[in-house]
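Undergrad: The structure that follows is given in the form of structure tokens.
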Amino acid sequence: MVASEVRKQMSREHGSSPQLSERRSGSHQTVPLAEVVEPLDVEEFLAAHPPEAESGHLRDLADFPPDDLEVIQEPRELRTLEPGVPEEGMLDMRTQDAVKTYTEDWLVVRRRYQGLSTAYTPITPQRQRERQQGLPRQVFETDEPEVEDVEERRRSSGSLDETPRGSWASSIFDLRNSVPDAPLPGLLERTAPEEADLRNAALRREGRHPEILALFPAPDEDEAVERRSPPEMPREHFGQRILVKCLSLKFEIEFEPIFGSLALYDIKEKKKISENFYFDLNSEAVKGLLQGHSAPPAISSLARAAIFSISHPSPDIFLVIRLEKVLQQGDIGECCEPYMVLREADGAKNKEKLERLRTAAEQFCSRLGRYRMPFAWTAVHLRNVLSSASAPERDPPDPDTGRKGTWKRRTLDRLSVGDEACGFGNFRPATLTITNFFKQEGDRLSDEDLYKFLADMRRPSSLLRRLRPITALLKIDISPAPESPHYCLSPELLHVRPYPDPRVRPTKEILEFPAREVFAPYTMYRNLLFIYPQSLNFSSRQGSMRNIAIKVQLMAGDFWEVKLQ
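Residue numbers for the sequence shown follow my numbering, so the first one is 1 and each next one is one higher.
And the structure:
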């Protein structure tokens with residue numbers, strides 16, 4: 001559809017157009033003016049009248065400037081030290097060309113005269129005031145007060161009294177005292193019309209503000225025909241980021257390795273919004289029980305700090321902490337019973353029981369050290385971390401970490417939670433001391449059960465009171481993440497700049513699973529697949545239930561020989 005047809009259609013749709021009435025053969029007819037006046041097709045007119053055929057100063061308006069478009073190449077800034085794309089020998093040619101879009105430099109098209117187009121009207125109140133400050137004050141004759149010379153007034157009044165009004169003497173007196181006009185040079189000379197137009201145009205431009213039309217107020221947003229803002233350089237999307245550091249984990253009794261994981265959940269959307277971050281706070285003596293099942297640890301597995309990204313901040317986000325232990329014989333409740341009954345103060349009394357527990361733990365670690373089972377869980381309401389900064393309940397300094405001002409979990413539970421939107425980009429860093437964990441119920445392992453528990457944590461409920469607590473002491477730091485953290489690993493385990501020393505314990509960036517869609521270009525090659533088995537139903541075979549371990553393996557076919565690494 002050409003431009004003239006678009007304008008014609010718009011005039012028909014918006015109605016209230018003037019109409020033309022005429023009489024033909026005695027009958028009255030009404031014809032819309034939109035049918036009478038055909039809109040000018042600008043594209044067709046410019047095609048029929050090229051700029052070369054025009055002359056004068058109007059040619060600059062029709063001619064396309066040859067230096068308007070500029071194509072430059074800007075280097076792509078990679079966040080990681082490694083490119084993160086597969087090697088060229090592992091891919092076919094078409095896939096290699098597609099992958100190059102994540103590593104090639106940017107081609108940027110710039111328009112030098114974009115500020116002069118009709119689509120570019122960045123008129124803001126601040127810019128209006130800046131432009132008005134440089135304007136000279138316009139003073140016209142009508143604005144100046146009348147100031148007459150006293151002597152001239154006295155002389156004129158005296159002459160008027162002596163000479164009658166309208167006489168020859170009065171007229172000659174006015175003529176002699178009047179100031180003659182300046183002579184007009186070149187009044188009788190012949191001048192070409194084009195030269196006169198150029199001279200008049202130059203005179204009109206004298207003293208004129210360079211952006212006189214920009215002084216008009218900005219048009220209404222509803223009436224704006226076109227609005228094209230220059231796009232920003234594509235970059236990787238990040239939401240509001242928080243840094244979580246796991247400091248220590250202690251129990252009343254310690255005889256086996258305990259492993260932890262962190263993840264973010266949004267109970268309003270009922271979604272898990274981050275991948276799991278696994279951390280290991282066991283001592284070297286406890287880790288020795290798993291020597292036969294663990295290879296030399298990779299540097300990425302030693303991380304105890306994680307950076308979570310939140311694209312849609314909400315007061316319904318929880319940090320869920322899960323604890324796991326080595327798979328062993330028996331029900332989950334039987335495995336948790338020693339932690340709920342035995343106390344460190346009764347070590348002499350329960351010495352024999354502790355020895356039996358250590359012996360059993362060594363046997364299970366030697367046989368099943370590669371497998372895990374759920375143990376306990378707890379959650380931190382992130383909204384309480386923000387609101388508790390106003391009235392914290394302080395603890396004495398911790399002798400192990402040297403930190404001051406840790407906040408008890410019971411203080412966070414008492415704080416009220418608002419439903420207003422919250423932000424995690426800027427808040428006071430906090431050290432949380434979590435003292436209570438809930439025993440993991442064997443029949444309540446699904447995410448749906450977790451959402452119910454998290455919803456009950458926001459208000460007093462009898463559901464949480466029925467859960468049996470496990471006494472433990474977990475200390476974590478929560479703070480806003482710095483813009484460029486040192487010693488950081490991406491979700492693909494790539495080194496993020498800056499990374500001065502590869503031997504230092506790293507911080508891991510945790511991949512976000514946004515609760516709602518995020519409209520941002522993909523600027524980084526990402527080839528990750530997250531598989532979380534939800535449940536395994538053996539209700540039809542209750543008599544033959546045993547501990548079940550699930551192994552996930554990527555296959556390129558139906559045969560075991562074609563498994564992928």
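Note that CB positions come from ideal geometry on N, CA and C, so glycine has one too.
Quick check on I510: does DSSP put it in helix, strand or coil?
TA: Coil, per DSSP.
Undergrad: Tell me which residue opens and which closes the alpha helix (DSSP H) that G333 is part of.
TA: Counting along the chain, the alpha helix (DSSP H) containing G333 begins and ends at 332-341.
Undergrad: With C-beta atoms as the reference, is I310 less than 8 Å away from Q240?
TA: Yes.
Undergrad: So the candidates are K439, D447, P234; which of them puts its Cα closest to the Cα of D331?
TA: It is K439 whose Cα lies nearest to the Cα of D331.
Undergrad: Which value, in whole angstroms, describes the spacing of the CA atoms of I253 and G442?
TA: Straight-line Cα distance between these residues: approximately 23 Å.
Undergrad: With H, G and I counted as helix, E and B as strand and the rest as coil, what does DSSP make of D41?
TA: Three-state result, D41: coil.
Undergrad: For P231, does the count of other Cβ atoms within 10 angstroms reach 16, so buried, or fall short, so exposed?
TA: Exposed: under 16 other Cβ atoms inside 10 Å.
Undergrad: Measuring alpha carbon to alpha carbon, tell me which of K353, Y522, N200, F251 ends up nearest I470.
TA: When only C-alpha atoms are compared, the closest one is F251.
Undergrad: The beta strand (DSSP E) with A305 in it runs from where to where?
TA: Segment 305-310, the beta strand (DSSP E) holding A305.
Undergrad: Give a yes or no on whether the C-beta atoms belonging to R526 and T80 are separated by under 8 Å.
TA: Not closer than 8 Å, so no.
Undergrad: Does the contact criterion of 3 or more C-beta pairs under 8 Å hold for the stretch 93-109 versus the stretch 125-141?
TA: No, they do not touch.
Undergrad: Using the C-alpha atoms, what's the distance from S294 back to R370?
TA: So the alpha carbons of these two residues sit roughly 8 Å apart.
Undergrad: If we ignore side chains and look at the alpha-carbon of each, how far apart do G288 and R76 end up?
TA: So the alpha carbons of these two residues sit roughly 46 Å apart.
Undergrad: Pick from V244, N276, L323, Y265: whose alpha carbon is nearest that of F259?
TA: Ranking V244, N276, L323, Y265 by Cα distance to F259 puts L323 first.
Undergrad: Exposed or buried, what is R199 when buried is set at 16 or more other beta-carbons lying within 10 Å of its beta-carbon?
TA: R199 is exposed by the Cβ-count criterion.
Undergrad: Since N200 is in the alpha helix (DSSP H), which residue starts that stretch and which ends it?
TA: 193-205 is the span of the alpha helix (DSSP H), which, as asked, contains N200.
Undergrad: Can you give the Cα-Cα distance for V108 and Q114, rounded to whole angstroms?
TA: Those two C-alpha atoms are separated by around 14 Å.
Undergrad: Given G292, which residues of its chain have a CB within under 7 Å of its CB, disregarding the five upstream and five downstream residues?
TA: Contacts found: S366, G369.
Undergrad: By alpha-carbon positions, which one of L249, E269, F308 ends up nearest to E275?
TA: Cα-wise, what sits closest to E275 is F308.
Undergrad: Can you tell me where the beta strand (DSSP E) holding T431 begins and where it ends?
TA: Element bounds for T431: 430-439.
Undergrad: Note the first and the last residue of the continuous alpha helix (DSSP H) segment covering L382.
TA: Looking at the DSSP string, the run of the alpha helix (DSSP H) that includes L382 is 382-387.
Undergrad: Leaving out the 5 sequence neighbours to the left and right, which residues in its chain are closer than 6 Å to C336 when beta-carbon positions are compared?
TA: Here the set comprises K439.
Undergrad: Put K353 into one of helix, strand or coil per three-state DSSP.
TA: Three-state DSSP puts K353 in a helix.
Undergrad: Contact defined as beta carbons within less than 8 Å: I believe A263 pairs with T507. What is the distance between those atoms, to the nearest angstrom?
TA: Wrong, their Cβ atoms sit about 17 Å apart, outside the cutoff.
Undergrad: Determine the DSSP secondary structure at G260, reduced to helix, strand or coil.
TA: If DSSP states are grouped into helix, strand and coil, G260 belongs with the strands.
Undergrad: Thinking C-beta only, is L474 closer than 8 Å to I434?
TA: The answer is yes: Cβ separation under 8 Å.
Undergrad: Am I right that Q534 and S446 are in contact with their C-beta atoms under 8 Å? What's the rounded C-beta distance?
TA: That pair is a contact at about 6 Å.
Undergrad: Who are the Cβ neighbours of R505 in its own chain at under 6 Å, not counting the five residues just before and after it?
TA: Excluding residues within five positions, the ones whose Cβ falls inside 6 Å are L302.
Undergrad: Can you give the Cα-Cα distance for Y522 and L247, rounded to whole angstroms?
TA: Straight-line Cα distance between these residues: approximately 34 Å.
Undergrad: Consult DSSP for I476 and reduce its assignment to one of helix, strand or coil.
TA: Reduced to three states, the DSSP call for I476 is strand.
Undergrad: With a 10 Å radius around its C-beta and 16 neighbouring C-beta atoms as the bar for buried, classify A481 as buried or exposed.
TA: The residue in question, A481, is buried, as its Cβ has 16 or more Cβ neighbours within 10 Å.
Undergrad: How long is the line joining the alpha carbons of L489 and L529, rounded to whole angstroms?
TA: Each residue's Cα considered, the two are about 18 Å apart.
Undergrad: When the cut-off is 8 Å and only beta carbons count, does L319 lie next to chain C?
TA: Going by chain labels, chain C is absent from the structure shown, which holds only one protein chain.
Undergrad: Below 7 Å CB to CB, which residues in the same chain sit around R112 once its five sequence neighbours on both sides are set aside?
TA: Same-chain partners within the cutoff: D67, D68, E70.
Undergrad: Would DSSP call F375 helix, strand or coil?
TA: If DSSP states are grouped into helix, strand and coil, F375 belongs with the strands.
Undergrad: Could you give the DSSP three-state label for F364: helix, strand or coil?
TA: Here F364 sits in helix by DSSP.
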